[in-house]
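Asker:
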Amino acid sequence: MTNMKWDESNIPNQKGRVIIVTGSTSGIGKEAVRILTDKQATLVMAVRNTEKGDLVAAEIQNTNPKAIIKVMPLDLTCLESVKDFAENFNKYFNRLDVLINNAGIMMCPFGKTEDGFEVQMGTNHLGHFALTGLLMPLLKKTKNSRIVVTSSVAHKFGNINLSDLNWENRKYNTNKAYGDSKLANLYFAYELVRKFKNDADAPMVTAAHPGWTRTELQRHKGGIRFLNNFFSQVPAMGILPSLRAGFDPNAKAGDYYGPAKFFEMQGYPVKVKSNKLSHDEGIAKKLWDLSEIITGVKY
101 MTNMKWDESN
111 IPNQKGRVII
121 VTGSTSGIGK
131 EAVRILTDKQ
141 ATLVMAVRNT
151 EKGDLVAAEI
161 QNTNPKAIIK
171 VMPLDLTCLE
181 SVKDFAENFN
191 KYFNRLDVLI
201 NNAGIMMCPF
211 GKTEDGFEVQ
221 MGTNHLGHFA
231 LTGLLMPLLK
241 KTKNSRIVVT
251 SSVAHKFGNI
261 NLSDLNWENR
271 KYNTNKAYGD
281 SKLANLYFAY
291 ELVRKFKNDA
301 DAPMVTAAHP
311 GWTRTELQRH
321 KGGIRFLNNF
331 FSQVPAMGIL
341 PSLRAGFDPN
351 AKAGDYYGPA
361 KFFEMQGYPV
371 KVKSNKLSHD
381 EGIAKKLWDL
391 SEIITGVKY
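As structure tokens, this is what we get:
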């Protein structure tokens, strides 16, 4: 049934399950919280701005008084914050069923994270790399757990320079840096799948991309905001590939989901293929080793 229109009605009840969504104060992350609290899951909103997080949680609880939401501070541009989040999470919860690595920034001016990483690679890849590693013991303890890694069609214009990850020796190109970070997400997902191949306790790792979805991510690009009028889809559709990656019982490790129509820009989620470069095991391993060294998080 490849033409089945998979949507939120396909997600089974999630009562008793604990789910983290990073970057959930707006856009597709917020939609994930709304949909999954409707399925009775316990949602942890891992967000940089907890005031905004509280407002979103209140808004969702207003329409669904039974929604169980905990807002917790997480700043992916700061490894100290990532460590604090993981420690706090482990204090509050004894299980983690699904980790949706959703937060991201896109095509912003050059900047560095607190730890000196180029800001897009630091937020989109390295922050989530550290977070996932620190939460791994709990994911392994939780039966049938899953990790969903969010990439983008933009991975196709990525080509990571491992000797200059932070753009110190090249003229900064924000579009390329974004593509690099989204390619890094796929290297991470696929390498994790390979590492877990023979580990019966390991969480299943899948990946997804939202197509062209209208969100706050595009605030730095006026041209993209204009084109939204013609090509984009709403966040409620944009989140479906991530949800399918996280909750479709037929999904397999390493599956990559995206929208079905218009060059994967819109439509219901189906299995899609990432480009050839994203499957380069040599680069994936090198990026993995480098990520472990610079974040200090060993798997």
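Numbering (our numbering), first residue to last: 101 to 399. Heads up, the beta-carbon is just placed ideally off N, CA and C, and yes, glycines get one too.
1) I393: buried (16+ other C-beta within 10 angstroms of its C-beta) or exposed?
2) Beta-carbon within less than 7 Å of N188's beta-carbon, same chain only, minus the 5 sequence neighbours each way: which residues are those?
3) Assign E218 to one of two classes, buried (16 or more other C-beta atoms within 10 Å of its C-beta) or exposed (fewer than that).
4) If you drop the 5 nearest sequence neighbours on each side, which residues of the same chain put their C-beta closer than 8 Å to that of T102?
5) Considering only residues of the stretch 197-235, which uninterrupted beta strand (DSSP E) runs meet the minimum length of 3 residues and lie entirely inside it, listed in chain order?
6) Is it buried or exposed for G358, if we count other Cβ within 10 angstroms and need 16 for buried?
7) Taking K376 as the reference, give the member of A307, W106, H255, G396 with the closest Cα.
8) Helix, strand or coil for L143, going by three-state DSSP, please let me know.
9) Using the C-alpha atoms, what's the distance from R270 back to A141?
10) Under 8 Å Cβ to Cβ from T150, same chain only, skipping five residues before and after it: list those, please.
11) For G211, which residues from the same chain have a beta carbon less than 6 Å from its beta carbon, with the 5 sequence-adjacent residues on both sides left out?
12) Looking at the structure shown, is P359 part of a helix, part of a strand, or coil, going by DSSP?
13) Mind the definition here: the stretch 271-282 touches the stretch 246-262 only if three or more C-beta pairs lie below 8 Å; say whether that holds.
14) For E291, count neighbouring Cβ atoms within 10 angstroms of its own Cβ and tell me buried if that reaches 16, exposed if not.
15) Considering only the alpha carbon of each residue, which of N285, I128, I205, G227 lies closest to P310?
16) Taking only the alpha-carbon atoms, compute the straight-line gap between P112 and G346 and give it to the nearest angstrom.
17) State yes or no: is the C-beta of V198 within less than 8 Å of the C-beta of R246?
18) So T395 is in the alpha helix (DSSP H); what residue range does that whole segment cover?
19) Looking at the unbroken beta strand (DSSP E) that takes in N114, where does it start and where does it end?
Answerer: Reading off the structure:
1) Within a 10 Å sphere around the beta-carbon of I393 sit fewer than 16 other beta-carbons, which makes this residue exposed.
2) Result list for N188: M172, in chain order.
3) The residue is buried, with at least 16 neighbouring Cβ atoms inside 10 Å.
4) With a pLDDT of 46 at T102, under the threshold of 50, the predicted position of this residue should be treated as unreliable, and no value is reported.
5) When DSSP assignments are scanned along the stretch 197-235, the uninterrupted stretches of beta strand (DSSP E) that are 3 or more residues long and fall wholly within it turn out to be 198-201.
6) Buried, by the Cβ-count rule.
7) Closest in alpha carbon position to K376, among A307, W106, H255, G396, is H255.
8) Strand.
9) Those two C-alpha atoms are separated by around 45 Å.
10) Within the same chain, V171, M172, P173 come within 8 Å of T150 by CB-CB distance, once the 5 residues on both sides are set aside.
11) Counting only Cβ-Cβ distances below 6 Å, and skipping sequence neighbours, we find V219.
12) Residue state, collapsed to three classes: strand.
13) The stretch 271-282 makes contact with the stretch 246-262: 3 or more CB pairs, one atom from each, lie closer than 8 Å.
14) In this structure E291 is buried. Its beta-carbon is surrounded by 16 or more other beta-carbon atoms within 10 angstroms.
15) Selected option, being the one with the closest Cα: I128.
16) Cα to Cα, the separation comes out at about 11 Å.
17) Yes. Within cutoff.
18) That run of the alpha helix (DSSP H) goes 381-395.
19) Contrary to the premise, residue 114 reads as Gln rather than Asn in this sequence. First-last for Q114: undefined, no H or E at that position.
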